[in-house]
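K.L.:
Residue numbering for the sequence shown follows this note's numbering, starting at 185 and increasing by one per position.
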Amino acid sequence: MRKFLLASIILTGLIYLFFGPDEIVDVKIAMKLLPMALILIYGFATPSLVSTSYKRMILAGLFVCMVADGVIYWFMAGLVTFFFGHLFYIAAFRQASQKPVPLWAGIPLVAYGLFMAAWIAGAQYSAGQTIVGTAIIAYIAVILVMGWMAIRTLLPFAILGALLFICSDSLLAIDRFVTALPYRDALVMVTYYAAQVLIASSIGNRFVKYSVNPNNLIR
185 MRKFLLASII LTGLIYLFFG PDEIVDVKIA MKLLPMALIL IYGFATPSLV
235 STSYKRMILA GLFVCMVADG VIYWFMAGLV TFFFGHLFYI AAFRQASQKP
285 VPLWAGIPLV AYGLFMAAWI AGAQYSAGQT IVGTAIIAYI AVILVMGWMA
335 IRTLLPFAIL GALLFICSDS LLAIDRFVTA LPYRDALVMV TYYAAQVLIA
385 SSIGNRFVKY SVNPNNLIR
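The structure is reproduced here in C-alpha coordinates:
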(Lines of atoms letter the chains of each structure in order from A and count residues from 1; the text may use other names and numbers.)
(Lines give C-alpha, C1' and ligand atoms only; values in the text may rest on other atoms or scores of the structure.)
Protein backbone atom coordinates (compact mmCIF):
# COMPACT_ATOMS: atom_id res chain seq x y z
CA MET A 1 0.00 0.00 0.00
CA ARG A 2 2.66 2.54 1.05
CA LYS A 3 4.90 1.64 -1.91
CA PHE A 4 1.96 2.16 -4.25
CA LEU A 5 1.29 5.55 -2.62
CA LEU A 6 4.94 6.58 -3.00
CA ALA A 7 4.88 5.63 -6.69
CA SER A 8 1.63 7.57 -7.12
CA ILE A 9 3.12 10.63 -5.40
CA ILE A 10 6.12 10.59 -7.73
CA LEU A 11 3.93 10.08 -10.81
CA THR A 12 1.41 12.80 -9.97
CA GLY A 13 4.21 15.17 -9.00
CA LEU A 14 5.90 14.68 -12.37
CA ILE A 15 2.59 15.13 -14.18
CA TYR A 16 2.07 18.42 -12.36
CA LEU A 17 5.57 19.67 -13.17
CA PHE A 18 5.51 18.77 -16.85
CA PHE A 19 1.84 19.02 -17.80
CA GLY A 20 0.26 21.49 -15.36
CA PRO A 21 -1.50 24.08 -17.56
CA ASP A 22 -0.36 27.58 -16.55
CA GLU A 23 -3.27 29.19 -18.36
CA ILE A 24 -5.95 27.22 -16.44
CA VAL A 25 -5.26 28.10 -12.82
CA ASP A 26 -7.97 25.91 -11.25
CA VAL A 27 -6.70 22.80 -13.03
CA LYS A 28 -3.10 23.62 -12.16
CA ILE A 29 -3.98 24.04 -8.47
CA ALA A 30 -5.87 20.72 -8.47
CA MET A 31 -2.91 18.95 -10.07
CA LYS A 32 -0.58 20.55 -7.51
CA LEU A 33 -2.74 19.42 -4.58
CA LEU A 34 -3.07 15.80 -5.69
CA PRO A 35 0.47 14.74 -4.64
CA MET A 36 -0.07 16.43 -1.26
CA ALA A 37 -3.37 14.61 -0.79
CA LEU A 38 -1.55 11.34 -1.50
CA ILE A 39 1.22 12.29 0.95
CA LEU A 40 -1.46 12.89 3.58
CA ILE A 41 -2.92 9.44 2.91
CA TYR A 42 0.62 8.02 3.02
CA GLY A 43 1.02 9.58 6.47
CA PHE A 44 -2.26 8.01 7.63
CA ALA A 45 -1.05 4.62 6.33
CA THR A 46 2.29 4.87 8.14
CA PRO A 47 2.33 2.99 11.47
CA SER A 48 3.05 5.32 14.39
CA LEU A 49 6.33 4.32 16.03
CA VAL A 50 6.96 7.65 17.77
CA SER A 51 3.59 8.40 19.41
CA THR A 52 -0.03 8.82 18.40
CA SER A 53 0.06 12.52 19.28
CA TYR A 54 3.14 12.95 17.07
CA LYS A 55 1.27 11.37 14.20
CA ARG A 56 -1.76 13.61 14.74
CA MET A 57 0.36 16.77 14.73
CA ILE A 58 2.25 15.71 11.59
CA LEU A 59 -0.99 14.89 9.78
CA ALA A 60 -2.43 18.26 10.82
CA GLY A 61 0.67 19.98 9.47
CA LEU A 62 0.42 18.10 6.18
CA PHE A 63 -3.23 19.07 5.82
CA VAL A 64 -2.58 22.76 6.54
CA CYS A 65 0.34 22.77 4.08
CA MET A 66 -1.93 21.22 1.46
CA VAL A 67 -4.38 24.07 1.99
CA ALA A 68 -1.48 26.52 1.73
CA ASP A 69 -0.52 25.01 -1.63
CA GLY A 70 -3.95 25.96 -2.90
CA VAL A 71 -3.87 29.57 -1.71
CA ILE A 72 -0.20 30.36 -2.36
CA TYR A 73 -1.24 32.01 -5.62
CA TRP A 74 -2.42 34.78 -3.27
CA PHE A 75 1.04 35.07 -1.77
CA MET A 76 0.36 36.52 1.69
CA ALA A 77 -2.54 34.10 2.29
CA GLY A 78 -0.29 31.19 1.37
CA LEU A 79 2.55 32.49 3.55
CA VAL A 80 0.28 32.79 6.59
CA THR A 81 -1.20 29.33 6.02
CA PHE A 82 2.24 27.71 5.68
CA PHE A 83 3.23 29.55 8.88
CA PHE A 84 0.50 27.68 10.78
CA GLY A 85 1.50 24.42 9.10
CA HIS A 86 5.00 24.83 10.53
CA LEU A 87 3.53 25.43 13.99
CA PHE A 88 1.99 21.95 13.83
CA TYR A 89 5.34 20.47 12.78
CA ILE A 90 7.07 22.32 15.62
CA ALA A 91 4.52 20.94 18.10
CA ALA A 92 5.11 17.41 16.77
CA PHE A 93 8.90 17.66 16.85
CA ARG A 94 8.79 19.18 20.34
CA GLN A 95 6.98 16.08 21.61
CA ALA A 96 9.69 13.89 20.12
CA SER A 97 12.67 15.97 21.29
CA GLN A 98 15.56 13.87 22.54
CA LYS A 99 18.66 16.06 22.86
CA PRO A 100 19.72 19.71 22.49
CA VAL A 101 20.89 20.85 19.07
CA PRO A 102 24.70 20.48 18.82
CA LEU A 103 26.71 23.63 18.09
CA TRP A 104 27.95 22.29 14.75
CA ALA A 105 24.32 22.17 13.56
CA GLY A 106 22.84 25.11 15.48
CA ILE A 107 25.37 27.78 14.50
CA PRO A 108 25.06 27.25 10.71
CA LEU A 109 21.25 27.15 11.00
CA VAL A 110 21.09 30.47 12.86
CA ALA A 111 23.72 32.04 10.60
CA TYR A 112 21.76 30.98 7.53
CA GLY A 113 18.56 32.46 8.95
CA LEU A 114 20.25 35.79 9.69
CA PHE A 115 21.76 35.87 6.20
CA MET A 116 18.42 35.16 4.51
CA ALA A 117 16.61 37.71 6.68
CA ALA A 118 19.17 40.40 5.83
CA TRP A 119 19.16 39.51 2.13
CA ILE A 120 15.47 38.85 1.41
CA ALA A 121 13.65 40.92 4.05
CA GLY A 122 16.28 43.66 4.00
CA ALA A 123 15.60 44.26 0.31
CA GLN A 124 11.88 44.61 1.05
CA TYR A 125 12.47 47.13 3.81
CA SER A 126 14.75 49.10 1.51
CA ALA A 127 11.96 49.17 -1.09
CA GLY A 128 9.48 50.44 1.50
CA GLN A 129 7.62 47.10 1.71
CA THR A 130 7.52 47.00 5.51
CA ILE A 131 4.63 44.55 5.85
CA VAL A 132 6.13 42.09 3.37
CA GLY A 133 9.57 42.37 5.00
CA THR A 134 8.13 41.73 8.46
CA ALA A 135 6.11 38.76 7.18
CA ILE A 136 9.26 37.30 5.60
CA ILE A 137 11.21 37.63 8.85
CA ALA A 138 8.39 35.94 10.80
CA TYR A 139 8.28 33.10 8.28
CA ILE A 140 12.07 32.65 8.30
CA ALA A 141 11.92 32.48 12.11
CA VAL A 142 9.19 29.84 12.22
CA ILE A 143 10.77 27.60 9.57
CA LEU A 144 14.15 27.79 11.33
CA VAL A 145 12.51 26.85 14.64
CA MET A 146 10.88 23.95 12.77
CA GLY A 147 14.30 22.84 11.52
CA TRP A 148 15.82 23.33 14.98
CA MET A 149 13.15 21.20 16.65
CA ALA A 150 13.46 18.53 13.93
CA ILE A 151 17.18 18.20 14.69
CA ARG A 152 16.36 17.71 18.37
CA THR A 153 14.20 14.68 17.57
CA LEU A 154 17.15 12.67 16.22
CA LEU A 155 14.66 11.24 13.71
CA PRO A 156 16.51 11.02 10.36
CA PHE A 157 13.42 11.49 8.18
CA ALA A 158 12.23 14.47 10.22
CA ILE A 159 15.63 16.16 10.06
CA LEU A 160 16.14 15.63 6.33
CA GLY A 161 12.54 16.62 5.59
CA ALA A 162 12.85 19.84 7.59
CA LEU A 163 16.13 20.77 5.88
CA LEU A 164 14.64 20.12 2.43
CA PHE A 165 11.64 22.28 3.38
CA ILE A 166 14.01 25.12 4.29
CA CYS A 167 15.83 24.60 0.98
CA SER A 168 12.59 24.67 -1.02
CA ASP A 169 11.32 27.83 0.65
CA SER A 170 14.70 29.51 0.23
CA LEU A 171 14.69 28.83 -3.50
CA LEU A 172 11.14 30.16 -3.78
CA ALA A 173 12.04 33.34 -1.86
CA ILE A 174 15.14 33.98 -3.96
CA ASP A 175 13.17 33.54 -7.17
CA ARG A 176 10.32 35.78 -6.04
CA PHE A 177 12.24 38.57 -4.33
CA VAL A 178 15.80 38.58 -5.69
CA THR A 179 16.33 37.02 -9.10
CA ALA A 180 14.58 34.55 -11.38
CA LEU A 181 15.97 31.03 -11.06
CA PRO A 182 16.21 28.65 -14.03
CA TYR A 183 14.05 25.56 -13.57
CA ARG A 184 12.42 27.23 -10.56
CA ASP A 185 9.31 25.02 -10.53
CA ALA A 186 11.30 21.80 -10.67
CA LEU A 187 13.78 22.88 -7.98
CA VAL A 188 11.13 24.18 -5.60
CA MET A 189 8.53 21.46 -6.03
CA VAL A 190 10.88 18.44 -6.06
CA THR A 191 12.49 19.55 -2.79
CA TYR A 192 9.07 20.46 -1.37
CA TYR A 193 7.35 17.16 -2.17
CA ALA A 194 10.41 15.24 -0.97
CA ALA A 195 10.36 17.22 2.29
CA GLN A 196 6.70 16.42 2.91
CA VAL A 197 7.15 12.73 2.12
CA LEU A 198 10.07 12.51 4.56
CA ILE A 199 8.19 14.35 7.30
CA ALA A 200 5.24 12.00 6.79
CA SER A 201 7.66 9.04 6.86
CA SER A 202 9.07 10.23 10.20
CA ILE A 203 5.84 8.97 11.76
CA GLY A 204 7.33 5.50 11.27
CA ASN A 205 10.80 6.34 12.64
CA ARG A 206 11.77 4.35 15.70
CA PHE A 207 13.70 5.51 18.74
CA VAL A 208 16.35 3.02 19.82
CA LYS A 209 18.21 3.40 23.09
CA TYR A 210 20.69 0.99 24.61
CA SER A 211 20.91 -0.05 28.22
CA VAL A 212 24.27 -0.69 29.90
CA ASN A 213 24.27 -4.06 28.20
CA PRO A 214 24.13 -3.23 24.44
CA ASN A 215 22.55 -6.63 23.80
CA ASN A 216 19.42 -5.46 25.62
CA LEU A 217 17.48 -3.09 23.38
CA ILE A 218 15.09 -0.68 25.05
CA ARG A 219 12.59 0.50 22.45
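Every residue gets a Cβ at the ideal spot worked out from N, C-alpha and C, and that includes glycine.
Can you list, in chain order, the residues of its chain with a C-beta nearer than 7 Å to that of L189? Leave out the 5 residues immediately preceding and following it.
P.N.:
Only L222, I225, Y226, A229 meet the Cβ criterion.
K.L.:
With distances taken Cα to Cα, identify the nearest neighbour of L287 among W332, W258, Y257, V316.
P.N.:
With distances taken between CA atoms, L287 lies nearest to W332 out of W332, W258, Y257, V316.
K.L.:
Helix, strand or coil for I208? Go by DSSP, reduced to three states.
P.N.:
Coil at I208, not helix or strand.
K.L.:
Taking contact to mean 3 or more Cβ pairs, one atom from each stretch, closer than 8 Å, check whether the stretch 294 to 302 and the stretch 261 to 278 are in contact.
P.N.:
no
K.L.:
Buried or exposed: M260, going by 16 or more other Cβ atoms within 10 Å of its Cβ?
P.N.:
exposed
K.L.:
How far does the alpha helix (DSSP H) with Y273 in it reach, from first residue to last?
P.N.:
259 to 279
K.L.:
Is the beta carbon of L348 less than 8 Å from the beta carbon of A378?
P.N.:
By the CB criterion at 8 Å, L348 and A378 fall inside the cutoff.
K.L.:
I need the DSSP call for V248, collapsed to helix, strand or coil.
P.N.:
helix
K.L.:
Less than 8 Å separating the beta-carbons of Y238 and A280?
P.N.:
yes
K.L.:
For a test of the three-state rule: what should DSSP assign to K239, helix, strand or coil?
P.N.:
K239: helix per DSSP, three-state reduction.
K.L.:
Can you tell me which of A384, Q313, Y323, K187 puts its alpha carbon nearest to the alpha carbon of P340?
P.N.:
A384
K.L.:
Under the assumption that I335 contacts A289 (Cβ atoms under 8 Å), give the Cβ distance between them as a whole number of angstroms.
P.N.:
5 Å
K.L.:
Quick test of the definition: if touching needs 3 or more C-beta pairs under 8 Å, does the stretch 316 to 330 touch the stretch 251 to 268?
P.N.:
Touching, yes.
K.L.:
Looking only at its own chain, which residues have a Cβ that is under 6 Å from the Cβ of M220, when we skip the five neighbours before and after it?
P.N.:
Hits under 6 Å: M250, D253.
K.L.:
Less than 6 Å between C-beta atoms, sequence neighbours within five positions excluded: which residues of the same chain meet that for G262?
P.N.:
A252, V255, I256
K.L.:
In three-state terms, what does DSSP make of T165?
P.N.:
The first residue shown for the chain is 185 and the last is 403, placing residue 165 beyond what the model contains.
K.L.:
When we look at the beta-carbon of L382 and count the other beta-carbons within 10 Å, is it buried (16 or more) or exposed?
P.N.:
With 16 or more other Cβ atoms within 10 Å, it is buried.
K.L.:
With 16 other CB atoms within 10 Å as the buried threshold, where does V372 fall?
P.N.:
Around the CB of V372, 16 or more other CB atoms lie within 10 Å, so the residue is classed as buried.
K.L.:
For S352 and M330, I'd like the C-alpha separation in whole angstroms.
P.N.:
14 Å
K.L.:
Roughly how many whole angstroms lie between the Cα atoms of A307 and G317?
P.N.:
A307 and G317 have their C-alpha atoms some 8 Å from each other.
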